[in-house]
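Numbering (the numbering used here), first residue to last: 3 to 348.
Each remark here refers to the structure printed beneath this line.
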């Protein structure tokens, strides 16, 4: 009996090893909309129950993982670091373990907003992984309202994510001037990648995602047609060199450019009071420059609310999530001041 079970386990493991899993990588800078994109993509796949999401967040608590898990999706989390730096080994091991033990058809990788896409691609091309996966798509989500600022101030991360993507999908495009500026930046960094600007709910995302050579992408498209057609995608006519990636420099710059602070929220407030309080937090100079703010907060009326801030707008909505914490990401954060401010009065 034991031998039969052992042989069955061996056959099952061999089947997993021989089965090529389709992998999507969905990258994007802080607050671009990766998790929203992933939720729509999963619903378009043949069987959402056969999808596993490998989720990396820069803070100590993974809000995006909690949101996806609440929707009923299978999530594997890596927190408190960047999967292309401090968690690179953990990421590789997690990916191998998933391939060894999980009977899934799709893996969707959501890196942290400060990950470099080139490093993640390198891990996926590792000999122990590449033969077992089919890299189906490697996309970047770009927030058009913030992209010019990110390009100027956080170029090493932002440029890499765009340069190594197979497609670019635009989010937050309320301002036409900033949108056009963003399109020009993307064309400069990656002339081969199609750029999709239609609202995601108007297109079938899974049909537009693929991994094909940059040269094929350019030759298959008419530059004039695609630059002018805002209902389709955009390409450029030039081929500037992809920025050289320096992994050591990324370690140093990630450490210097971004800090994260996770604060447990102990004082319940109404949604209006939280709006006022967190708006004051974002605008103050005493706690540091806040690029990203997200988490769950306790309400004095009962229950919790979900907080999302990506540099343009503060959103607070009721949620069924139960934790009470905020994760703050930005340069030169003052942890003590953040702790005192969030749980104090103003």
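Each residue gets a CB set at the ideal place from its N, CA and C atoms; glycine is no exception.
Predicted model, so just to flag it, every value in this text is computed and none were measured.
Quick check on residue i: buried or exposed, where buried means 16 or more other Cβ atoms within 10 Å of its Cβ?
i: residue 57; result: buried
i: residue 302; result: exposed
i: residue 99; result: exposed
i: residue 163; result: buried
i: residue 289; result: buried
i: residue 66; result: buried
i: residue 112; result: buried
i: residue 338; result: exposed
i: residue 95; result: exposed
i: residue 332; result: buried
i: residue 206; result: exposed
i: residue 105; result: exposed
i: residue 129; result: exposed
i: residue 59; result: buried
Do we get a CB-CB distance below 9 Å when we pair residue i with the residues of chain D?
i: residue 78; result: The structure shown contains no chain D, having only a single protein chain.
Beta carbon of residue i, beta carbon of residue j: below 9 Å?
i: residue 107; j: residue 43; result: no
i: residue 335; j: residue 296; result: no
i: residue 136; j: residue 281; result: no
i: residue 114; j: residue 141; result: no
i: residue 311; j: residue 139; result: no
i: residue 53; j: residue 143; result: no
i: residue 265; j: residue 340; result: yes
i: residue 70; j: residue 40; result: yes
i: residue 185; j: residue 199; result: yes
i: residue 172; j: residue 197; result: yes
i: residue 298; j: residue 279; result: no
Nearest to residue i by alpha carbon, out of the options?
i: residue 176; options: 147, 139, 127, 49; result: 147
i: residue 38; options: 300, 21, 124, 174; result: 174
i: residue 277; options: 305, 291, 309, 294; result: 309
i: residue 316; options: 121, 77, 292, 143; result: 292
i: residue 300; options: 267, 332, 199; result: 267
i: residue 74; options: 49, 59, 97; result: 49
i: residue 131; options: 261, 332, 24, 333; result: 24
i: residue 78; options: 72, 55, 59, 68; result: 55
i: residue 178; options: 170, 68, 149; result: 149
In its own chain, which residues sit with a C-beta less than 7 Å from the C-beta of residue i, not counting the 5 before and 5 after it?
i: residue 243; result: Unreliable positioning characterises residue 243 in this predicted model, as indicated by a pLDDT of 35, which lies under 50. The coordinate reading is nonetheless provided below. Excluding positions up to five away in sequence, the list is empty.
i: residue 320; result: 305, 307
i: residue 245; result: Low local confidence applies: a pLDDT of 38 at residue 245 is under 50, so the model's placement there is unreliable, and no value is given.
Rounded to a whole number of angstroms, what is the C-alpha to C-alpha distance between residue i and residue j?
i: residue 271; j: residue 286; result: 20 Å
i: residue 35; j: residue 202; result: 11 Å
i: residue 122; j: residue 116; result: 12 Å
i: residue 102; j: residue 134; result: 10 Å
i: residue 284; j: residue 313; result: 9 Å
i: residue 118; j: residue 92; result: 16 Å
i: residue 120; j: residue 126; result: 10 Å
i: residue 345; j: residue 326; result: 11 Å
i: residue 151; j: residue 330; result: 19 Å
i: residue 31; j: residue 145; result: 8 Å
i: residue 192; j: residue 183; result: 14 Å
i: residue 261; j: residue 33; result: 15 Å
i: residue 97; j: residue 263; result: 27 Å
i: residue 155; j: residue 29; result: 18 Å
i: residue 51; j: residue 269; result: 38 Å
i: residue 208; j: residue 45; result: 10 Å
i: residue 170; j: residue 273; result: 35 Å
i: residue 72; j: residue 318; result: 18 Å
i: residue 322; j: residue 204; result: 28 Å
i: residue 68; j: residue 294; result: 17 Å
Cutting at 8 Å between CB atoms, please list the residues of its own chain near residue i, excluding the five before and the five after it.
i: residue 153; result: 160, 161, 187
i: residue 275; result: 302
When you measure from the CB of residue i to every non-hydrogen atom of the ligand GDP, does any distance come out below 8 Å?
i: residue 32; result: By its list of ligands, the structure shown contains no ligand whatsoever, and the ligand GDP lies outside what it can speak to.
Within a Cβ cutoff of 6 Å, which residues of the same chain sit near residue i, ignoring the five residues on either side of it in sequence?
i: residue 342; result: none
i: residue 76; result: 54
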